[in-house]
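Numbering-wise (the numbering used here), the sequence shown opens with residue 319 and increments by one. From the three backbone atoms N, C-alpha and C, an ideal C-beta is built for every residue, glycine too. Just so you know, these numbers come straight off a predicted model, no measurement behind them.
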Amino acid sequence: MREIYFDNAATTRPFEEVVQRMVECLTVEYGNPSSLHRKGIQAENILKESRKTVAGALGVRPAEIIFTSGGTEANNTAIRGIVRSYSNRGKHIISSKAEHPSVYMTLEDLKKDGYEVTYIDVDGYGVINPDKLADAIRKDTILVTLMAVNNETGCVQPLEQIGEIVRRKNHLTFFHADCIQAFMKIPIDVQKAGIHLVALSAHKFHGPMGVGALYCKKGINLRAWQTGGGQELGLRSGTENLPGIAGMGKAVEVFGSHFREYTERMTVLKERMRYDIGERIENIRFNTPEGERGAPHILSVSFRGVRGEVLLHALEKHGIYISTRSACSSKQRQAGGVTEAIGLSSEEAEGTIRISLCPFNTEEEVDILVDALATEVGALRKLTGR
(Lines of atoms letter the chains of each structure in order from A and count residues from 1; the text may use other names and numbers.)
(Lines give C-alpha, C1' and ligand atoms only; values in the text may rest on other atoms or scores of the structure.)
Protein backbone atom coordinates (compact mmCIF):
# COMPACT_ATOMS: atom_id res chain seq x y z
CA MET A 1 0.00 0.00 0.00
CA ARG A 2 1.21 3.49 -0.85
CA GLU A 3 1.99 5.59 2.23
CA ILE A 4 1.08 9.28 2.35
CA TYR A 5 2.63 11.22 5.22
CA PHE A 6 0.81 14.32 6.47
CA ASP A 7 2.25 14.48 9.99
CA ASN A 8 5.23 16.71 9.27
CA ALA A 9 4.61 18.98 12.27
CA ALA A 10 5.40 15.94 14.44
CA THR A 11 8.56 15.03 12.54
CA THR A 12 9.91 15.07 9.01
CA ARG A 13 11.83 12.59 6.91
CA PRO A 14 15.48 13.72 6.80
CA PHE A 15 16.85 15.00 3.52
CA GLU A 16 19.05 12.45 1.73
CA GLU A 17 21.90 14.95 2.00
CA VAL A 18 21.40 15.00 5.78
CA VAL A 19 21.59 11.22 6.08
CA GLN A 20 24.71 11.13 3.92
CA ARG A 21 26.40 13.83 6.00
CA MET A 22 25.59 12.01 9.23
CA VAL A 23 26.94 8.71 7.89
CA GLU A 24 30.19 10.48 7.00
CA CYS A 25 30.46 11.73 10.58
CA LEU A 26 29.76 8.27 11.96
CA THR A 27 32.19 6.39 9.72
CA VAL A 28 34.95 8.80 8.68
CA GLU A 29 34.86 12.10 10.59
CA TYR A 30 34.08 10.55 13.96
CA GLY A 31 36.52 12.44 16.18
CA ASN A 32 35.73 14.16 19.48
CA PRO A 33 35.69 17.95 18.99
CA SER A 34 37.57 18.34 22.28
CA SER A 35 40.50 16.15 21.17
CA LEU A 36 43.73 17.91 20.18
CA HIS A 37 44.75 15.61 17.32
CA ARG A 38 43.79 15.83 13.65
CA LYS A 39 40.55 13.87 14.05
CA GLY A 40 39.48 16.16 16.88
CA ILE A 41 40.31 19.31 14.94
CA GLN A 42 38.36 17.94 11.97
CA ALA A 43 35.36 17.35 14.24
CA GLU A 44 35.70 20.80 15.80
CA ASN A 45 35.62 22.37 12.34
CA ILE A 46 32.41 20.49 11.52
CA LEU A 47 30.91 21.84 14.72
CA LYS A 48 31.98 25.39 13.85
CA GLU A 49 30.62 25.14 10.31
CA SER A 50 27.23 23.87 11.48
CA ARG A 51 27.04 26.62 14.09
CA LYS A 52 27.85 29.19 11.43
CA THR A 53 25.15 27.79 9.11
CA VAL A 54 22.41 27.87 11.76
CA ALA A 55 23.45 31.35 12.88
CA GLY A 56 23.44 32.63 9.31
CA ALA A 57 19.89 31.39 8.75
CA LEU A 58 18.75 33.31 11.84
CA GLY A 59 20.84 36.38 11.10
CA VAL A 60 22.82 36.14 14.34
CA ARG A 61 26.42 35.48 15.44
CA PRO A 62 27.76 31.89 15.55
CA ALA A 63 28.82 32.44 19.17
CA GLU A 64 25.15 33.02 20.03
CA ILE A 65 24.11 29.48 19.00
CA ILE A 66 24.07 26.68 21.58
CA PHE A 67 23.36 23.16 20.36
CA THR A 68 20.93 21.05 22.42
CA SER A 69 19.23 17.66 22.29
CA GLY A 70 16.11 19.23 20.75
CA GLY A 71 13.42 21.85 21.12
CA THR A 72 12.29 20.84 24.60
CA GLU A 73 15.80 21.23 26.00
CA ALA A 74 16.23 24.54 24.16
CA ASN A 75 13.01 25.90 25.68
CA ASN A 76 13.95 24.65 29.14
CA THR A 77 17.47 26.05 28.90
CA ALA A 78 16.12 29.46 27.90
CA ILE A 79 13.35 29.72 30.49
CA ARG A 80 15.14 28.15 33.43
CA GLY A 81 18.39 29.88 32.53
CA ILE A 82 16.78 33.32 32.59
CA VAL A 83 14.95 32.85 35.87
CA ARG A 84 18.04 31.38 37.55
CA SER A 85 20.27 34.23 36.40
CA TYR A 86 17.96 37.24 36.66
CA SER A 87 15.52 36.53 39.48
CA ASN A 88 16.74 39.74 41.13
CA ARG A 89 14.75 41.63 38.46
CA GLY A 90 11.50 39.96 39.43
CA LYS A 91 9.62 36.67 39.51
CA HIS A 92 6.80 37.38 37.05
CA ILE A 93 6.54 35.54 33.72
CA ILE A 94 4.06 36.04 30.86
CA SER A 95 2.99 33.39 28.35
CA SER A 96 -0.21 32.35 26.57
CA LYS A 97 -2.85 29.70 27.16
CA ALA A 98 -1.88 27.91 23.93
CA GLU A 99 1.78 26.99 24.42
CA HIS A 100 3.66 23.74 23.82
CA PRO A 101 3.99 21.45 26.88
CA SER A 102 7.76 22.08 26.99
CA VAL A 103 6.95 25.69 27.86
CA TYR A 104 3.68 25.27 29.77
CA MET A 105 4.89 22.45 32.01
CA THR A 106 8.15 24.30 32.69
CA LEU A 107 6.25 27.39 33.80
CA GLU A 108 3.94 25.33 35.98
CA ASP A 109 7.01 23.78 37.60
CA LEU A 110 8.51 27.22 38.26
CA LYS A 111 5.37 28.20 40.17
CA LYS A 112 6.53 25.77 42.86
CA ASP A 113 9.60 27.99 43.32
CA GLY A 114 7.51 31.10 43.84
CA TYR A 115 7.30 32.43 40.29
CA GLU A 116 4.04 34.03 39.19
CA VAL A 117 2.83 33.22 35.67
CA THR A 118 0.25 35.22 33.73
CA TYR A 119 -1.34 33.30 30.84
CA ILE A 120 -2.80 35.63 28.21
CA ASP A 121 -6.00 34.69 26.40
CA VAL A 122 -5.84 33.92 22.68
CA ASP A 123 -8.35 34.25 19.86
CA GLY A 124 -10.09 31.42 18.00
CA TYR A 125 -6.89 30.53 16.18
CA GLY A 126 -4.42 30.87 19.06
CA VAL A 127 -3.14 34.41 18.44
CA ILE A 128 -2.61 36.63 21.48
CA ASN A 129 -4.17 40.06 21.89
CA PRO A 130 -1.22 42.50 21.91
CA ASP A 131 -3.15 44.96 24.09
CA LYS A 132 -3.61 42.29 26.76
CA LEU A 133 0.11 41.58 26.63
CA ALA A 134 0.88 45.26 27.14
CA ASP A 135 -1.49 45.39 30.11
CA ALA A 136 0.11 42.31 31.67
CA ILE A 137 3.74 43.52 31.63
CA ARG A 138 4.87 44.83 35.02
CA LYS A 139 8.03 46.20 36.60
CA ASP A 140 8.83 42.73 37.95
CA THR A 141 8.15 40.90 34.65
CA ILE A 142 11.34 38.99 33.94
CA LEU A 143 10.29 37.04 30.84
CA VAL A 144 7.74 36.90 28.03
CA THR A 145 7.72 33.47 26.37
CA LEU A 146 5.53 32.74 23.33
CA MET A 147 5.37 30.31 20.42
CA ALA A 148 6.02 31.94 17.03
CA VAL A 149 3.87 29.40 15.15
CA ASN A 150 1.38 27.33 17.10
CA ASN A 151 2.16 23.65 16.71
CA GLU A 152 -1.52 22.64 16.67
CA THR A 153 -3.33 25.42 14.78
CA GLY A 154 -0.47 26.86 12.73
CA CYS A 155 -1.33 30.46 13.65
CA VAL A 156 1.50 32.99 13.39
CA GLN A 157 2.12 35.34 16.31
CA PRO A 158 2.97 39.00 15.47
CA LEU A 159 6.55 38.74 16.76
CA GLU A 160 7.66 42.22 15.78
CA GLN A 161 4.64 43.83 17.42
CA ILE A 162 5.19 41.72 20.53
CA GLY A 163 8.86 42.67 20.66
CA GLU A 164 8.03 46.36 20.37
CA ILE A 165 5.53 46.10 23.23
CA VAL A 166 8.05 44.31 25.46
CA ARG A 167 10.72 46.96 24.79
CA ARG A 168 8.27 49.82 25.38
CA LYS A 169 6.67 48.49 28.55
CA ASN A 170 9.80 47.14 30.27
CA HIS A 171 13.18 47.18 28.54
CA LEU A 172 14.57 44.81 31.19
CA THR A 173 12.10 42.04 30.27
CA PHE A 174 13.49 39.20 28.15
CA PHE A 175 11.58 37.90 25.11
CA HIS A 176 11.85 34.18 24.36
CA ALA A 177 10.31 32.77 21.17
CA ASP A 178 9.65 29.08 20.63
CA CYS A 179 10.35 28.99 16.87
CA ILE A 180 10.33 25.22 16.53
CA GLN A 181 7.42 25.22 14.04
CA ALA A 182 8.36 28.60 12.56
CA PHE A 183 12.00 28.15 11.55
CA MET A 184 12.31 27.34 7.84
CA LYS A 185 8.55 27.92 7.44
CA ILE A 186 8.15 31.69 7.82
CA PRO A 187 10.65 34.58 7.71
CA ILE A 188 12.02 35.36 11.18
CA ASP A 189 13.83 38.65 11.83
CA VAL A 190 15.28 38.14 15.29
CA GLN A 191 16.89 41.57 15.44
CA LYS A 192 13.85 43.53 14.26
CA ALA A 193 11.53 41.65 16.61
CA GLY A 194 13.87 42.20 19.53
CA ILE A 195 13.94 38.52 20.46
CA HIS A 196 16.53 37.56 23.06
CA LEU A 197 16.21 33.76 22.94
CA VAL A 198 15.01 31.40 20.18
CA ALA A 199 14.45 27.62 20.38
CA LEU A 200 14.88 25.39 17.29
CA SER A 201 14.52 21.66 16.58
CA ALA A 202 16.19 19.96 13.60
CA HIS A 203 13.67 17.19 12.96
CA LYS A 204 10.96 19.74 12.13
CA PHE A 205 12.76 20.79 8.93
CA HIS A 206 14.14 17.50 7.57
CA GLY A 207 17.06 17.21 9.95
CA PRO A 208 17.63 14.40 12.46
CA MET A 209 15.79 13.77 15.71
CA GLY A 210 17.64 14.40 18.95
CA VAL A 211 19.30 17.70 18.09
CA GLY A 212 18.21 21.33 18.37
CA ALA A 213 19.62 24.74 19.07
CA LEU A 214 19.11 27.78 21.25
CA TYR A 215 19.90 31.32 20.16
CA CYS A 216 20.95 33.39 23.16
CA LYS A 217 21.70 37.04 22.46
CA LYS A 218 25.21 38.19 23.29
CA GLY A 219 25.42 39.70 26.75
CA ILE A 220 22.78 37.46 28.30
CA ASN A 221 24.33 35.23 30.93
CA LEU A 222 22.37 32.03 31.40
CA ARG A 223 23.25 29.83 34.34
CA ALA A 224 24.19 26.33 33.25
CA TRP A 225 22.05 23.52 34.60
CA GLN A 226 24.26 20.78 33.15
CA THR A 227 27.89 21.04 34.25
CA GLY A 228 31.04 19.16 33.35
CA GLY A 229 33.57 19.73 30.58
CA GLY A 230 32.26 23.15 29.61
CA GLN A 231 31.09 22.42 26.06
CA GLU A 232 28.62 24.74 24.29
CA LEU A 233 29.87 27.94 25.88
CA GLY A 234 29.79 26.24 29.26
CA LEU A 235 25.99 25.95 29.15
CA ARG A 236 25.69 22.32 28.07
CA SER A 237 28.59 20.17 29.19
CA GLY A 238 29.04 16.78 27.57
CA THR A 239 30.50 15.51 24.31
CA GLU A 240 28.60 17.06 21.42
CA ASN A 241 26.32 14.99 19.17
CA LEU A 242 28.51 15.65 16.15
CA PRO A 243 26.55 13.55 13.59
CA GLY A 244 23.29 15.17 14.70
CA ILE A 245 24.72 18.68 14.67
CA ALA A 246 26.26 18.13 11.24
CA GLY A 247 22.89 16.81 10.05
CA MET A 248 21.12 19.88 11.43
CA GLY A 249 23.56 22.17 9.66
CA LYS A 250 23.04 20.33 6.39
CA ALA A 251 19.24 20.48 6.77
CA VAL A 252 19.41 24.25 7.28
CA GLU A 253 21.67 24.54 4.24
CA VAL A 254 19.39 22.48 1.98
CA PHE A 255 16.07 23.94 3.15
CA GLY A 256 17.47 27.46 3.27
CA SER A 257 18.64 27.30 -0.34
CA HIS A 258 15.07 26.40 -1.41
CA PHE A 259 13.16 28.37 1.24
CA ARG A 260 10.90 30.40 -1.05
CA GLU A 261 10.20 27.48 -3.38
CA TYR A 262 9.40 25.08 -0.55
CA THR A 263 7.20 27.44 1.46
CA GLU A 264 5.25 28.53 -1.63
CA ARG A 265 4.68 24.90 -2.60
CA MET A 266 3.33 24.03 0.85
CA THR A 267 1.11 27.11 0.84
CA VAL A 268 -0.46 26.16 -2.49
CA LEU A 269 -1.11 22.61 -1.30
CA LYS A 270 -2.58 23.76 2.01
CA GLU A 271 -4.93 26.21 0.30
CA ARG A 272 -6.07 23.53 -2.16
CA MET A 273 -6.66 21.12 0.71
CA ARG A 274 -8.58 23.69 2.74
CA TYR A 275 -10.83 24.64 -0.17
CA ASP A 276 -11.58 21.03 -1.17
CA ILE A 277 -12.33 19.91 2.39
CA GLY A 278 -14.65 22.89 2.84
CA GLU A 279 -16.45 22.12 -0.41
CA ARG A 280 -16.94 18.41 0.19
CA ILE A 281 -17.52 18.03 3.92
CA GLU A 282 -20.15 19.87 5.96
CA ASN A 283 -20.35 20.78 9.63
CA ILE A 284 -16.65 21.47 10.15
CA ARG A 285 -14.51 24.22 11.62
CA PHE A 286 -11.09 25.33 10.40
CA ASN A 287 -8.83 26.26 13.32
CA THR A 288 -6.01 27.61 11.13
CA PRO A 289 -6.19 31.24 9.94
CA GLU A 290 -6.04 31.95 6.23
CA GLY A 291 -3.25 33.69 4.32
CA GLU A 292 -0.03 34.83 5.97
CA ARG A 293 -1.65 34.64 9.41
CA GLY A 294 -1.23 30.87 9.14
CA ALA A 295 1.99 28.92 8.62
CA PRO A 296 2.30 27.22 5.22
CA HIS A 297 2.46 23.66 6.55
CA ILE A 298 -0.30 23.22 9.16
CA LEU A 299 -4.07 22.82 8.73
CA SER A 300 -6.22 22.08 11.78
CA VAL A 301 -9.81 20.96 11.17
CA SER A 302 -12.60 19.99 13.57
CA PHE A 303 -15.19 17.51 12.23
CA ARG A 304 -18.31 17.68 14.38
CA GLY A 305 -19.87 14.31 15.14
CA VAL A 306 -16.60 12.42 14.61
CA ARG A 307 -13.87 11.37 17.02
CA GLY A 308 -10.48 12.52 15.78
CA GLU A 309 -8.67 9.42 16.99
CA VAL A 310 -11.12 7.12 15.21
CA LEU A 311 -10.73 9.18 12.03
CA LEU A 312 -6.94 8.99 12.36
CA HIS A 313 -7.03 5.19 12.37
CA ALA A 314 -9.60 5.11 9.56
CA LEU A 315 -7.23 7.16 7.39
CA GLU A 316 -4.35 4.92 8.40
CA LYS A 317 -6.13 2.06 6.64
CA HIS A 318 -5.76 4.12 3.46
CA GLY A 319 -2.03 4.49 4.13
CA ILE A 320 -2.51 8.12 5.19
CA TYR A 321 -0.85 9.48 8.34
CA ILE A 322 -2.15 12.55 10.18
CA SER A 323 -2.44 13.46 13.88
CA THR A 324 -5.17 14.53 16.25
CA ARG A 325 -3.04 17.18 17.98
CA SER A 326 0.66 17.69 18.66
CA ALA A 327 2.68 14.53 19.24
CA CYS A 328 3.93 15.89 22.58
CA SER A 329 0.44 16.89 23.72
CA SER A 330 -0.91 13.42 22.98
CA LYS A 331 1.48 12.08 25.63
CA GLN A 332 1.22 14.96 28.11
CA ARG A 333 -2.34 16.09 28.77
CA GLN A 334 -1.83 19.64 30.00
CA ALA A 335 -4.78 21.31 31.70
CA GLY A 336 -6.95 23.08 29.15
CA GLY A 337 -4.59 22.95 26.24
CA VAL A 338 -4.84 24.58 22.84
CA THR A 339 -8.31 23.30 21.92
CA GLU A 340 -9.81 24.81 25.06
CA ALA A 341 -7.77 28.00 24.72
CA ILE A 342 -9.15 28.69 21.24
CA GLY A 343 -12.72 28.11 22.38
CA LEU A 344 -13.60 24.74 20.87
CA SER A 345 -16.60 22.91 22.24
CA SER A 346 -15.95 19.43 23.65
CA GLU A 347 -17.44 17.95 20.46
CA GLU A 348 -15.18 20.08 18.25
CA ALA A 349 -12.11 19.32 20.35
CA GLU A 350 -12.84 15.60 20.16
CA GLY A 351 -13.18 15.80 16.37
CA THR A 352 -10.03 17.82 15.69
CA ILE A 353 -7.22 16.58 13.46
CA ARG A 354 -4.00 18.23 12.33
CA ILE A 355 -2.76 17.80 8.78
CA SER A 356 0.81 19.00 8.25
CA LEU A 357 2.68 19.19 4.98
CA CYS A 358 6.24 19.08 3.72
CA PRO A 359 7.64 20.40 0.41
CA PHE A 360 7.51 16.92 -1.11
CA ASN A 361 3.80 16.28 -0.73
CA THR A 362 1.92 16.44 -4.04
CA GLU A 363 -1.44 17.57 -5.39
CA GLU A 364 -2.30 13.93 -6.01
CA GLU A 365 -1.67 13.13 -2.34
CA VAL A 366 -3.89 16.03 -1.30
CA ASP A 367 -6.67 14.75 -3.56
CA ILE A 368 -6.34 11.23 -2.14
CA LEU A 369 -6.51 12.62 1.40
CA VAL A 370 -9.62 14.69 0.70
CA ASP A 371 -11.35 11.72 -0.95
CA ALA A 372 -10.53 9.52 2.04
CA LEU A 373 -11.66 12.18 4.51
CA ALA A 374 -14.99 12.64 2.74
CA THR A 375 -15.56 8.89 2.67
CA GLU A 376 -14.55 8.17 6.26
CA VAL A 377 -16.22 11.20 7.86
CA GLY A 378 -19.45 10.34 6.05
CA ALA A 379 -19.24 6.71 7.14
CA LEU A 380 -18.47 7.57 10.77
CA ARG A 381 -21.29 10.10 10.99
CA LYS A 382 -23.71 7.61 9.49
CA LEU A 383 -22.55 4.97 11.97
CA THR A 384 -23.06 7.23 14.98
CA GLY A 385 -26.17 8.93 13.62
CA ARG A 386 -24.63 12.37 14.12
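The residues N393, I397, S413, T463, M465 and D496, in chain order, have a CB closer than 8 angstroms to that of V421 in the same chain once the five nearest residues on each side in sequence are set aside. Just so you know, the alpha carbons of G525 and L675 end up roughly 15 angstroms apart. The segment 596-610 makes no contact with the segment 676-687: fewer than 3 CB pairs, one atom from each, lie closer than 8 angstroms. Three or more Cβ pairs closer than 8 angstroms define a contact, and the segment 334-341 meets that threshold against the segment 557-564. Secondary structure at V346: coil, using DSSP grouped into helix, strand and coil. For the segment 356-406, the full-length beta strand (DSSP E) segments reaching 3 residues or more read 383-386 along the chain. DSSP places H521 in no alpha helix (DSSP H); its state is neither H nor E.
Membership of M319 in any beta strand (DSSP E) is not indicated, and neither H nor E is assigned to it by DSSP. In the DSSP assignment, R603 is bridged to S620.
Of the residues assessed, H576 falls on the exposed side of the cut-off, its CB having fewer than 16 other CB atoms within 10 angstroms. By the beta-carbon neighbour count (other beta carbons within 10 angstroms, threshold 16), A520 is buried. For S664, the enclosing alpha helix (DSSP H) has its first and last residue at S664 to E668.
Counting the other CB atoms within 10 Å of its CB gives K522 a total of 16 or more, which places it among the buried residues. Residue state for S353 is assigned as coil, using DSSP reduced to three classes. For V628, the three-state secondary structure derived from DSSP is helix. Residue pairing by DSSP places E434 opposite H410 in a beta bridge. For G530, the enclosing beta strand (DSSP E) starts and ends at G530 to C534. Shown here, Y422 sits in a helix according to DSSP, grouped into three states.
The segment 525-545 makes contact with the segment 368-387: 3 or more CB pairs, one atom from each, lie closer than 8 angstroms. Within the segment 441-507, the runs of alpha helix (DSSP H) at least 4 residues long that lie entirely inside it are, in chain order, 448-454 and 477-487. With respect to the 7 angstroms criterion, A613 and G472 are classified as neighbours on the basis of their beta carbons. Annotation for E683: I322 and F324 place their beta carbon closer than 8 angstroms to its own, counting only its chain and skipping 5 residues before and after. The straight-line gap separating the alpha-carbon atoms of L630 and L691 is approximately 10 angstroms.
In this structure, V484 and I455 form a Cβ contact; the two beta carbons are roughly 7 angstroms apart against a cut-off of 8 angstroms. The beta carbon of L551 sits closer than 7 angstroms to the beta carbons of I384 from its chain, once the five residues preceding and following it are set aside; these are given in chain order. Distance check between E694 and each of E391, S663, E434 and G626 places G626 closest, using alpha-carbon atoms only. Put simply, of Y433, T330 and K503 the residue whose alpha carbon is nearest the alpha carbon of A375 is K503. Assignment of I563 by DSSP, reduced to helix, strand and coil, places it in the helix class. Assignment of S575 by DSSP, reduced to helix, strand and coil, places it in the helix class.
Under the three-state reduction of DSSP output, I660 falls in the coil class, being neither helix nor strand.
Between M591 and L633, the C-beta spacing is not below 7 angstroms. R407 has its alpha-carbon roughly 43 angstroms from the corresponding atom of M584. The beta carbons of L461 and V401 sit about 7 angstroms from each other, so the pair counts as a contact at 8 angstroms. Residue pairing by DSSP puts G612 in a beta bridge opposite C473.
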